[in-house]
Amino acid sequence: MFTGIIEELGEVVAIRQEGGGALLSVRGPVVTSDAKHGDSIAVNGVCLTVVEVTGDVFTVDVIKESLERSSLGALTEGSAVNLERAVRADQRLGGHIVQGHVDGTAVLLSRDPGESWDDLRFSLSPALGRYVAEKGSIAIDGISLTVTTVDDESFGVSLIPTTLKLTTMAGRQVGDMVNIEVDVIAKYVERLVVRQ
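Following my numbering, the numbering of the sequence shown begins with -13 at its first residue and continues without gaps.
Below, the structure is given as structure tokens:
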């Protein structure tokens, strides 16, 4: 489990295709400071398992489904990525409950820079739209954000200066694809209600 509070920007240093999946190596001095084989690290919001740590670089297996369901397949050497280690039980939950199980992708439709923050609008698939609510939580590339507006085809978020400074969102341009994880509580509530 993660909180959606990004610990650092990492850099993809190597990608090796293996069968239908890939081995992804990422430089991240903060997240590798105590990382070991078997640990979970979220890369752009996708929970991945560490298979090797060498210095400040960790390597993870990325299965075919993760490549197809997320934007990880579009990464190249040198790509910046958001990194977060799994939350410990004795930590504050600063963002919201993020599983690292990406539900799909969205496209950045518009970006309106403000004096102190940026307003961004993303596409929203009908399959995920029912889980997105104004003032609710959503994870975009692993970043815990609050939904400011929502309609049938899109939703908006506002990015504060800290988010712009410490995550990949500062460089996102209209047309870029991002990973989306909707609020897991909404999915469980729906399942409970539908089964009754």
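Here a beta-carbon is modelled for each residue, glycine too, at the ideal position from N, C-alpha and C.
On the three-state DSSP scale, how would you describe residue i?
| i | result |
| --- | --- |
| Pro147 | helix |
| Pro112 | helix |
| Gly128 | coil |
| Leu(-5) | strand |
| Val118 | coil |
| Leu95 | strand |
| Ser123 | strand |
| Val84 | strand |
Do the CB positions of residue i and residue j come within less than 8 Å of each other?
| i | j | result |
| --- | --- | --- |
| Thr91 | Ser57 | yes |
| Met155 | Ile129 | yes |
| Gly36 | Lys22 | The sequence shown places Val at residue 36, not Gly. The answer is yes: Cβ separation under 8 Å. |
| Val94 | Asp20 | Val is not the amino acid found at residue 94; the sequence shown has Leu there. No, these two residues do not count as a Cβ contact at 8 Å. |
| Asp42 | Gly86 | no |
Please report the straight-line C-alpha distance between residue i and residue j, rounded to a whole angstrom.
| i | j | result |
| --- | --- | --- |
| Gln159 | Glu(-6) | 20 Å |
| Gly142 | Glu167 | 14 Å |
| Asp89 | Tyr117 | 11 Å |
| Ser52 | Pro99 | 32 Å |
| Asp104 | Thr(-11) | 22 Å |
| Ala8 | Arg2 | 5 Å |
| Ile(-9) | Gln77 | 12 Å |
| Gly115 | Leu131 | 16 Å |
| Leu34 | Val48 | 7 Å |
Tell me, please, which residues DSSP counts as bridged to residue i.
| i | result |
| --- | --- |
| Asp71 | Residue identity differs from the one stated: residue 71 is Arg in this sequence, not Asp. Paired residue(s): Ile27. |
| Ser140 | Ser109 |
| Leu10 | Ile1 and Val46 |
| Leu34 | Ile27 |
| Val164 | Ala92 |
(request) Could you tell me whether the region 108 to 116 touches the region 137 to 148, where touching means 3 or more Cβ pairs closer than 8 Å? (result) yes
(request) Answer yes if the region 64 to 71 comes into contact with the region 25 to 44, meaning at least three C-beta pairs across the two stretches below 8 Å, and no otherwise. (result) yes
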